[in-house]
Amino acid sequence: MTMNHLLLVQKENYDLRAAHEKDKQKRQRSKKQISIEQGITREEAQALVQGQVEASHAVTTTPAAPVDPELPASQPVFLPSLIIFSLSALAPASSYIDHYITKNRPDPPSDPPHGYKSVIDVIAERMKTLNYHIDDYHGGPATFLLTGPREIIQAIKDGIQKFRRQVSLDEHDANLLVAYIEKTLKPPVQWVIEALIEKEKPLVARGFRSQVLQSLQNMKNPVEQLRDIISRKIIQSAQKQYFTKEFNNITIKVIQQGIDAFDNFIHCVIIPTMPPGGAIATNNSPAVPTFTGAA
86 MTMNHLLLVQ KENYDLRAAH EKDKQKRQRS KKQISIEQGI TREEAQALVQ GQVEASHAVT
146 TTPAAPVDPE LPASQPVFLP SLIIFSLSAL APASSYIDHY ITKNRPDPPS DPPHGYKSVI
206 DVIAERMKTL NYHIDDYHGG PATFLLTGPR EIIQAIKDGI QKFRRQVSLD EHDANLLVAY
266 IEKTLKPPVQ WVIEALIEKE KPLVARGFRS QVLQSLQNMK NPVEQLRDII SRKIIQSAQK
326 QYFTKEFNNI TIKVIQQGID AFDNFIHCVI IPTMPPGGAI ATNNSPAVPT FTGAA
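Residue numbers for the sequence shown, in our numbering: 86 to 380.
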């Protein structure tokens, strides 16, 4: 409550006490005058004056709060209107305090802890680089099939070592990490696999089929290790299961799609057939003649 409010309260209390004293003196004079003029006792005059006061209160449109005649002059009188006024004066101050407390309160983080975020960023950048080289491939040497996966694997291994030193993840941080992996890592992983499948024929024609399979398998293993180390950092067991499921969908299952695509291509070999004459031949090439030592 401000100083102005306190002054208003004191003034109203002072006015009430003054009115109370004035009314008390008036009633005493009325009792004495009636007792003298009508020749009645002091008690009868008091009853008559009390009846006149009650009658005057009955004709007023807005009844005033009752005042105790025995209330000492030094005791303040608080009316309901005064209490309401005081509370209404405090309301703006309360909202003012709430506003500035919430204004200075920092917003909750929208990204996972920096130690986790930085590792995901590095792996995502390596994936983007590999995707660029695959998209740009139109035949010839494919050294990126060795260097690209090798750099990705090294980034994952470095990340695993860094994760071992990171703080544990509560439910909020674990959810932030899943969302960040889905936003940052999922797209480049999908781009790499889609680009490899799109370039499958020229890569296979140049003899890089086994190399692609080996590179994808080599990437899948450390990605699984990355998943496991993060899962161990999550505190709640239910959250562990949720993270594992989402991480598998985002990364490991996508990599497995690439492995399956090239693995199925390997098994599309020519099946030999047996012609009616008994010699073995393929279905798209003539039988190779057999030579004997007879003249």
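Just so it is clear, CB atoms sit at the ideal spot from N, CA and C, and this is done for glycine as well.
For residue 311, the uninterrupted alpha helix (DSSP H) segment begins and ends at 294-318. Around the beta carbon of residue 252, a 10 Å sphere encloses fewer than 16 other beta carbons of the protein chains shown; the residue is thus reported as exposed.
DSSP, reduced to helix, strand and coil, places residue 288 within a helical segment of the structure shown. Short of 6 Å from the beta carbon of residue 236, and not among the five residues preceding or following it, lie these beta carbons of its own chain, in chain order: 211. When secondary structure is reduced to three states using DSSP, residue 254 falls in the strand class.
When the alpha-carbon of residue 242 is set against those of 205, 330, 285, the nearest one is in 205.
Within a 10 Å sphere around the beta-carbon of residue 108 sit fewer than 16 other beta-carbons, which makes this residue exposed.
Using a 10 angstroms sphere on the CB of residue 221, the tally of other CB atoms stays under 16, which defines it as exposed. Closest by C-alpha distance to residue 264, out of 202, 323, 338, 321, is 202.
Here residue 211 carries a helix assignment [DSSP, helix/strand/coil]. A distance below 6 Å between beta-carbons, with the five flanking residues on each side excluded, links residue 271 to the following residues of its chain, in chain order: 335.
Pairing residue 219 with residue 279, the inter-Cα distance amounts to about 10 Å. If you check the CB distance, residue 328 and residue 319 come in under 9 Å. Cβ atoms of residue 259 and residue 207 stay farther apart than 8 Å, at about 20 Å. DSSP places residue 341 within a helical segment (H, G or I) once states are collapsed to three.
A distance below 9 Å separates the beta carbons of residue 297 and residue 230. Sequence-distant partners of residue 233 (beyond 5 residues in either direction) whose C-beta falls short of 7 Å from its own C-beta, in its chain, are 214, 215, 218. Its Cα nearest to that of residue 292, the residue 227 stands out among 102, 227, 337, 333.
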